[in-house]
Amino acid sequence: MTNTHILSIGFPAILASSVHDIKNSLTALRALLSQLENVYRDPKPTEFRQLEFETNRMNNCLMQLLTLYKIDLSQFSLTIDEHSVADILEDVVAQQSTLLSLGNIQLITECHDELFCYCDNALISNALCTLVNNAQRYCLSKVVLSVVQEDDYIVFCIEDDGKGYPENLISSDYKQLPQIDLANGNTGLGLFFTETIAQLHIKGDKRGFIMTDNNSQFGGARFKLYLP
Amino acid sequence: MAINLASKKILVVEDQAIMRETIKHILGSFGARFIIEAESGINAITAMRIDRFDIVLCDYNLLRGKNGQQVLEEARHLKLLPVNAIFIMVTCEQSQEMVLTAIDNKPDDYLIKPFNRQQLLNRIERCYARKKYMASIENEIDSGNLYLAIHNCEQLLQRDDKKMRLQLLKIHAELTLKVGDFKTAEEIYQDILHERELPWARLGLGVVAFFLGYYDQAVKTFQELIEQHPVMLETYDWLVKAHESMGNDEHAVSSLNSAVALSPMSILRQKKLALLADKTENFAVAKKAYAATIKLGKNSIHGSSADYSGLANVHLKNNAANEALKILYELNQQSHNDPEAKLRAALLETEIHQTKGNKALAQQAYGKVFKLNEQFNKQISRELRLEMAKTFYLNGNGEICDEILNDLIKTNIDDKLFIKDIVTMCNAIIGENHAETLIQHIKKELVDINNKGVSLFQEGNIKAALAIFEKAIAKMPDNQTIILNMIKIIIHDIKTSKPGPEKIMSAQSYINKAVQIGIPHNQISGLQIELDTIQHKTNP
């Protein structure tokens with residue numbers, strides 16, 4: 307009896323409209339933040355960095371929520387095309403540029419100029435942004451985002467020099483997913499999202515997948531995304 | 271690396287003041303000096319009428335009036351955007367892009383909110399780089415020289431630039447489809463699919479099958495594609511066309527209904543659904559779609575008085591004359607300064623009163639139709655003229671009816687679908703064979719003109735032959751045989767006498783016209799090659 311109202315509009319419409327409103331608020335919030343920032347001289351108060359990180363995270367969460375919801379409804383398909391890997395990395399750096407400018411963290415990207423990848427670039431760069439955003443939070447001084455071709459896969463690798471992933475987020479065998487315990491309020495949503503969209507990238511009998519370990523060449527966490 | 275925006279005219283369309291302020295601030299920090307703001311779609315169009323902008327950043331979700339897509343459609347329709355301008359649509363989420371994809375009007379790029387300084391700059395820079403790279407193709411497409419566009423595309427492909435390769439191949443395939451070179455298009459799509467299963471290439475193969483008349487195969491391709499990519503709306507549009515061509519109007523309605531459910535804001539799909547549902551007597555669907563079309567039409571360049579009379583006629587068919595009257599009232603509110611709308615309103619009024627049995631009022635309304643027809647009859651669309659012919663016949667004015675029919679047949683003789691509409695109308699209202707007789711008569715007239723022109727040409731009297739065809743084209747601008755012969759004679763004339771630039775330009779413009787009215791590739795490409803050879807000789 308109580309939900310006839312909701313039924314008449316439909317939950318997808320309610321969700322879409324809420325996302326739209328929150329996005330507008332977030333956009334306005336960030337606009338206000340950048341105006342406020344201009345009031346201060348360098349070095350700017352550290353709170354700005356925290357605010358930038360949080361708004362990034364809210365935005366990423368929202369995008370993931372919406373995408374996963376649509377996948378669940380089977381109203382989703384990838385927009386696959388051939389993309390320059392350098393362009394994708396440039397997008398990630400651009401998205402993180404404000405946060406980077408507010409701290410002392412270095413984001414280093416490494417890839418061959420002539421490297422190309424068949425993927426849904428908006429989704430992949432969104433996933434990478436989320437993971438790099440998190441890596442910036444847990445690293446000491448630097449995050450390295452590198453991409454190479456390994457056999458039939460393009461491999462995106464994010465490494466940092468922090469303390470590494472907690473035990474429950476590690477899985478070096480791609481057949482065994484990281485134990486993401488969303489029900490207990492764990493923060494693995496970014497990994498779960500990336501794993502989900504990686505699996506939607508298919509070529510012949512090969513699917514995309516992710517791997518997580520603490521074998522970063524800088525001593526911290528290492529994340530790898532394989533796309534066929 | 272940073273692009274300098276100092277010399278660029280930029281329009282920012284955004285309803286939130288704080289966002290406009292921020293975007294302006296960002297653009298200013300990259301040197302932009304000429305920035306105009308608009309907080310609504312109407313103001314955006316006004317601004318574009320005054321200035322020719324290099325960059326338009328337009329929010330999709332504008333609070334009141336037109337949305338971003340409607341702004342884009344109107345700007346393109348009114349040719350307010352220079353060919354090298356970039357239009358970036360700002361949206362809230364990625365999947366909106368797909369749903370927004372209009373039947374033929376895409377922005378140069380999308381930008382997803384929220385974005386920062388660097389993201390905005392990157393987007394503008396990439397757009398510019400791509401536009402610059404593609405300029406030699408886009409400029410030719412813009413002036414209608416499709417064969418030259420294809421040539422330039424092939425030249426760019428030879429540079430073997432990996433970053434642009436797929437984009438170029440996509441354009442190459444689309445252009446070859448446009449000129450009717452289906453074999454080349456098929457080869458391009460097959461090659462791409464051999465490398466990777468890309469949905470747009472698969473769609474392209476379906477389109478090739480459609481144009482070659484393999485409708486079963488086309489339908490199968492489209493249906494499989496929809497199963498895998500349920501939100502790729504272009505596929506639905508093609509599936510609808512394929513069903514229609516096979517005569518499966520019921521299937522077409524159901525496919526179109528799915529597409530409309532995914533993209534309710536697309537006026538062209540709503541309009542098409544209304545017409546098809548009306549034709550197949552799915553009146554409930556038709557009513558809903560007409561109503562949606564009328565609502566969207568208030569802010570769209572695609573809104574038309576035909577939507578009102580369509581809806582009113584559905585009401586009439588369902589014996590709801592009073593509902594029809596309400597629509598007529600609304601139409602009259604909108605019809606100032608639009609002769610087509612006035613005519614439709616008068617026609618509708620006549621029909622409503624006839625249905626209700628008000629003879630005097632019907633006669634009075636018919637008087638209006640008669641007067642308006644004298645005033646505007648050549649300025650209105652052919653569909654409406656056909657309706658008028660019917661009304662004239664039904665009111666005992668067979669002479670005016672035939673006059674209109676003759677003119678319609680003459681100008682549309684090669685358009686099989688429209689000729690079929692004429693025949694259907696005549697068979698239902700006037701009687702069997704009426705349309706056929708008119709058509710035969712006009713065909714004979716055409717053959718006579720053509721023969722006369724050709725024999726003058728064979729006698730060597732090129733000037734007289736050209737004059738005959740020129741006169742015929744003025745009367746029947748879209749006739750395929752006449753245009754083809756005209757091109758042949760001009761080319762012969764250039765070859766035998768002095769090849770002046772004016773003659774070459776004239777031949778090229780008729781070739782462009784031939785492509786535009788759908789003359790098959792195999793009949794045009796030889797003429798284009800001949801003309802290219804001549805041109806090459808004159809300016810090597």
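Line by line, the protein sequences are chains S and L.
Numbering follows this note's numbering, in which position 170 of the first sequence is assigned residue number 476; successive positions increment by one, without gaps.
Numbering follows this note's numbering, in which position 215 of the second sequence is assigned residue number 485; successive positions increment by one, without gaps.
Note that CB positions come from ideal geometry on N, CA and C, so glycine has one too.
Residue-chain proximity (S:TYR424, chain L), Cβ-Cβ < 8 Å: As a first step, residue 424 of chain S is located in the first sequence; it is residue number 118 there, counting from the start. Judged by the 8 Å Cβ criterion, S:TYR424 is in contact with chain L.
Residues, ordered as in the chain, of the segment 439-469 of chain S that lie near chain L by beta-carbon distance below 9 Å: none
Neighbour-count burial assignment, L:MET271, 16 or more Cβ in a 10 Å radius: In the second sequence, the residue the question calls residue 271 of chain L occupies position 1. At L:MET271 the pLDDT is 46, less than 50, meaning the model places this residue with poor confidence and gives no usable figure here.
Assigned secondary structure, S:GLY491 (DSSP; H/G/I helix, E/B strand, else coil): By one-based count along the first sequence, residue 491 of chain S stands at place 185. A caution first: S:GLY491 carries a pLDDT of 46, below 50, which makes its placement in the model unreliable, though a value can still be read off. Looking at S:GLY491 - three-state DSSP - the assignment turns out to be coil, as it is neither helix nor strand.
Alpha carbon of S:ASP327 to alpha carbon of S:TYR424, nearest angstrom: Counting from 1 along the first sequence, the entry for residue 327 of chain S is found at position 21. Counting from 1 along the first sequence, the entry for residue 424 of chain S is found at position 118. When only Cα atoms are considered, S:ASP327 and S:TYR424 end up about 32 Å apart.
Between the CA atoms of L:TYR417 and L:HIS791 - distance to the nearest angstrom: Here residue 791 of chain L refers to the residue found at position 521 of the second sequence. Here residue 417 of chain L refers to the residue found at position 147 of the second sequence. Each residue's alpha carbon lies about 10 Å from the other.
Pairwise C-alpha distance: L:LEU503 and S:ALA441: Residue 441 of chain S sits at position 135 when you count from the first residue of the first sequence. Residue 503 of chain L sits at position 233 when you count from the first residue of the second sequence. Between S:ALA441 and L:LEU503, the C-alpha separation is close to 38 Å.
Local conformation of L:GLN649 per DSSP, three classes: Indexing the second sequence from 1 puts residue 649 of chain L at position 379. It is coil, neither helix nor strand.
Inter-stretch contact (C-beta, 8 Å, three-pair minimum) for the segment 771-779 of chain L and the segment 799-806 of chain L: yes
Residue nearest to L:SER310 in terms of C-alpha spacing, selected from L:GLU291, L:GLU284, L:MET318: Here residue 310 of chain L refers to the residue found at position 40 when the second sequence is read from its first residue. The option with the nearest alpha carbon to L:SER310 is L:GLU284.
Where L:CYS423 sits in the DSSP three-state scheme: Here residue 423 of chain L refers to the residue found at position 153 when the second sequence is read from its first residue. Per DSSP, reduced to three states, the secondary structure at L:CYS423 is helical.
Whether S:LEU497 touches S:LEU451 by CB criterion (8 Å): Taking the first sequence and counting its residues from 1, the one referred to as residue 497 of chain S is at position 191. Taking the first sequence and counting its residues from 1, the one referred to as residue 451 of chain S is at position 145. No, the pair does not count as a contact, with Cβ atoms beyond the cut-off.
Backbone CA spacing between S:TYR480 and L:LYS401 [nearest angstrom]: By one-based count along the first sequence, residue 480 of chain S stands at place 174. By one-based count along the second sequence, residue 401 of chain L stands at place 131. Model confidence at S:TYR480 stands at a pLDDT of 48, short of 50, so the residue's coordinates are unreliable and nothing is read from them.
Neighbour list for L:LEU436 in chain S, Cβ cutoff strictly below 8 Å: Walking along the second sequence from the start, residue 436 of chain L turns up at place 166. Chain S residues near L:LEU436: ASP387, GLU388.
Residue span of the beta strand (DSSP E) that contains S:CYS417, given as start and end: In the first sequence, the residue the question calls residue 417 of chain S occupies position 111. Where S:CYS417 is concerned, there is no enclosing beta strand (DSSP E), given that its DSSP letter is neither H nor E.
Whole-angstrom C-beta distance between S:ALA428 and S:PHE499, which should lie under 8 Å: Stepping through the first sequence from its first residue, residue 499 of chain S is reached at position 193. Stepping through the first sequence from its first residue, residue 428 of chain S is reached at position 122. The pair is not a contact, with the Cβ atoms about 13 Å apart (cut-off 8 Å).
Any chain L beta carbon closer than 8 Å to S:GLU418: Here the question's residue 418 of chain S lines up with position 112 in the first sequence. The question names Glu, but residue 418 of chain S is His in the sequence shown. No, S:HIS418 lies away from the interface with chain L (no Cβ there is under 8 Å from its Cβ).
Own chain partners of S:GLY491 with C-beta closer than 7 Å, once the 5 adjacent residues on each side are dropped: Start at 1 with the first residue of the first sequence, and residue 491 of chain S comes out as number 185. Residue confidence for S:GLY491 is low, a pLDDT of 46 falling below 50, so the modelled location carries little weight and cannot support an answer.
L:ASN331: contacting residues in chain S (beta-carbon distance under 9 Å): As a position in the second sequence, residue 331 of chain L is number 61, starting the count at 1. By Cβ distance, chain S contributes HIS326, ASN330.
Reduced DSSP secondary structure (H/G/I, E/B, other) of L:MET271: If you number the second sequence from 1, residue 271 of chain L lands on position 1. Per-residue confidence for L:MET271 stands at a pLDDT of 46, beneath the threshold of 50, marking its modelled position as unreliable; no derived number is given.
Any chain S beta carbon closer than 8 Å to L:MET289: On the second sequence, residue 289 of chain L is found 19 positions in, with the first residue counted as 1. Chain S contact via Cβ: present.
Ordered list of alpha helix (DSSP H) runs contained in the segment 282-362 of chain L, each at least 4 residues: 287-299, 311-320, 338-347
L:CYS423 and L:LEU445 closer than 8 Å at C-beta: Position 153 of the second sequence, counting from 1, holds the residue named residue 423 of chain L. Position 175 of the second sequence, counting from 1, holds the residue named residue 445 of chain L. Yes, these two residues count as a Cβ contact at 8 Å.
Start and end residues, beta strand (DSSP E) containing S:CYS445: Within the first sequence, the letter at position 139 stands for residue 445 of chain S. No beta strand (DSSP E) contains S:CYS445, which DSSP labels as neither H nor E.
Chain S residues whose Cβ lies nearer than 9 Å to that of L:ARG466: As a first step, residue 466 of chain L is located in the second sequence; it is residue number 196 there, counting from the start. Within chain S, the residues near L:ARG466 are ILE386, GLU388, TYR424, LYS509.
Residues that DSSP places opposite L:LEU418 in a beta bridge: Position 148 of the second sequence, counted from the first residue, corresponds to residue 418 of chain L. Paired residues: none, contrary to the question.
Proximity to S:THR404 [Cα-Cα], best of S:LEU395, S:ASN439, S:SER324, S:SER447: Here the question's residue 404 of chain S lines up with position 98 in the first sequence. Of S:LEU395, S:ASN439, S:SER324, S:SER447, the residue nearest in Cα terms is S:ASN439.
Closer than 8 Å to chain S by CB, L:VAL477: Sequence index remark: in the second sequence, residue 477 of chain L carries index 207 (1-based). Against chain S, the CB of L:VAL477 has no partner CB under 8 Å away; the residue lies outside that interface.
L:GLU363: contacting residues in chain S (beta-carbon distance under 9 Å): Reading the second sequence from its first residue, position 93 is the one you call residue 363 of chain L. The answer, in chain order, is ALA322, VAL325, HIS326, LYS329, LEU368, MET369, LEU372, THR373.
Interface flag, S:ARG336 vs chain L, CB-CB below 8 Å: For the purposes of this step, residue 336 of chain S is taken as residue 30 along the first sequence, with counting starting at 1. With 8 Å as the cut-off, S:ARG336 counts as an interface residue toward chain L.
Beta-carbon neighbours of S:GLU396, restricted to chain L and to distances below 7 Å: Your numbering for residue 396 of chain S matches position 90 in the first sequence. Simply ASN392.
Distance between beta carbons of L:GLY580 and L:GLY573, contact taken as under 8 Å: Translated into positions along the second sequence, residue 573 of chain L becomes position 303. Translated into positions along the second sequence, residue 580 of chain L becomes position 310. Actually they are not in contact, since the Cβ atoms of L:GLY573 and L:GLY580 sit about 12 Å apart, beyond 8 Å.
Whole-angstrom C-beta distance between L:VAL523 and L:LEU546, which should lie under 8 Å: Translated into the one-based positions of the second sequence, residue 546 of chain L becomes position 276. Translated into the one-based positions of the second sequence, residue 523 of chain L becomes position 253. At roughly 5 Å, the Cβ-Cβ gap stays under 8 Å, so L:LEU546 and L:VAL523 are in contact.
Nonlocal neighbours in the same chain, by C-beta distance under 6 Å from L:CYS671, ignoring five residues either side: The sequence position of residue 671 of chain L within the second sequence is 401, counting from 1. Excluding residues within five positions, the ones whose Cβ falls inside 6 Å are ALA659, PHE662, TYR663.
Contact set between S:THR436 and chain L, taken where Cβ atoms lie within less than 9 Å: On the first sequence, position 130 is the one that residue 436 of chain S refers to. Residues of chain L passing the Cβ test: none, with the nearest at roughly 14 Å.
Limits of the unbroken alpha helix (DSSP H) element including L:LYS448: As a first step, residue 448 of chain L must be located in the second sequence, where it is residue number 178. Element bounds for L:LYS448: 432-448.
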